[in-house]
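Enquirer:
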Ligand SMILES: *Cc1c(COP(=O)(O)O)cnc(C)c1O
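In my numbering, the protein residues as written are -16 to 359.
#1: Please list, in chain order, all residues of the same chain as residue 359 whose beta carbon is under 7 Å from its beta carbon, the five residues on each side excluded.
#2: First and last residue of the beta strand (DSSP E) that includes residue 78?
#3: Between which two residues does the alpha helix (DSSP H) holding residue 29 run?
#4: Let me know the beta strand (DSSP E) ranges lying completely inside the region 46 to 134, each 3 residues or longer, listed in chain order.
#5: When you compare each of 73, 170, 66, 218 to residue 320 by their alpha carbons, which one comes out closest?
#6: Are residue 259 and residue -14 touching if we call contact CB-CB under 9 Å?
#7: So, for residue 279: in the same chain, excluding its five sequence neighbours on each side, which residues have a beta-carbon less than 7 Å away from its beta-carbon?
#8: Looking at residue 95 and residue 62, is the spacing between their C-beta atoms short of 9 Å?
#9: Which value, in whole angstroms, describes the spacing of the CA atoms of residue 316 and residue 81?
#10: The beta strand (DSSP E) that contains residue 141, what's its start and end?
#11: Quick check on the DSSP output: the alpha helix (DSSP H) that includes residue 191 runs from which residue to which?
#12: Does the Cβ of residue -7 lie closer than 8 Å to at least one heavy atom of ligand 1?
#13: Assign residue 84 to buried or exposed, taking buried as 16 or more other Cβ atoms, counted over all protein chains shown, within 10 Å of its Cβ.
#14: Between 308, 234, 265, which lies nearest to residue 152 when the distance is taken from Cα to Cα?
#15: List the endpoints of the continuous alpha helix (DSSP H) containing residue 176.
#16: Is any heavy atom of ligand 1 found at a distance shorter than 8 Å from the C-beta of residue 40?
#17: Is the distance from the Cβ of residue 101 to the Cβ of residue 64 below 9 Å?
#18: Thinking C-alpha only, which one of 188, 305, 144, 130 is nearest residue 48?
#19: How is residue 359 classed by DSSP in three states: helix, strand or coil?
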């Protein structure tokens, strides 16, 4: 049997069918329907955010967030400071908005943007910081906020990995999507929480909400007025129904992922040459991924382990390799600043399979293959 790096969680079939049944009465299938409205409200509560706009997917959410915040616009030579250690979507969203990505290196302890290196990259063209909560680990949100205020920059988070993550500050707990001017969430089938395809922008400013609402519906203001060059990025009722069903189970899902993660950690914590992602202080995680680094002093390379697992029908993923700066579509396009830590992590990282219903035996098998010497 194949084990993939992730597997979508499915709600009970009957619950989904019951949720979509009223659509045969209303025949209102998209454009801000009843389920869409209900889902938006329930998500706002769950995430602890004041504003949320549902989208057809995470990538469009990110493209439109850059537009709604005025980062992308007629002035086409704006720069956005970002990270190359991410999924294609993050860099593409900048470039497709005709903005220039300026790549900043990442931290060694959680692979998010290294805030201490941001200021050096700021020029008079810099408009925003687009940082990624990689594997659900929060960026240094307070330091980034400070820099943004000092230089009057917008802050956008790619929170595709971070659904439900919370940060503790004293006795207060904040949802990760409360930080920055906007956060993009992805509800793609491979994510911790999904609506098949889907996404959202979380924001705090109502003006941003109004703009997003128009941008995702062709810029239409009223029957006769169109005041933005908008796209179509709406979420339909069937996907909102999937979201409403999955939201009932999300806490249980995360709890199961926690147990799987703990089993991996137990098995691998003492293996020399394997580095686990350090647990993040003051963070309530979502256990979205289980990345390991295969260090240079380990007897096998990352790619050898990846191939060995693949031969045994276990499909780990080299997230994020290559760095987006190495894509052929970006070759020679942007001045590249050295990002040595990102290069190194991309060369060593392997995400092992992790999902709620992954069996303990499969975890043990994966660990035995990874650490063949110790288990033989
Ligand atoms: C999944 C993902 C996206 C894109 O989200 P979609 O919903 O698939 O469009 C963007 N950034 C990161 C880091 C992702 O993992």
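Ideal placement from N, C-alpha and C gives every residue a C-beta, glycine not left out.
Expert: So, from the listed chains and residues:
#1: With a pLDDT of 48 at residue 359, under the threshold of 50, the predicted position of this residue should be treated as unreliable, though the coordinate-derived value follows. So no residue of the chain qualifies.
#2: Here residue 78 belongs to no beta strand (DSSP E); instead the alpha helix (DSSP H) covers 71 to 79.
#3: 17 to 30
#4: 62 to 65, 83 to 86, 109 to 115
#5: 66
#6: no
#7: none
#8: no
#9: 12 Å
#10: 137 to 141
#11: 189 to 198
#12: no
#13: buried
#14: 265
#15: Run containing residue 176: none; DSSP gives neither H nor E here.
#16: yes
#17: yes
#18: 188
#19: Its pLDDT being 48, under 50, residue 359 is placed unreliably in this model, and the coordinates cannot settle the point.
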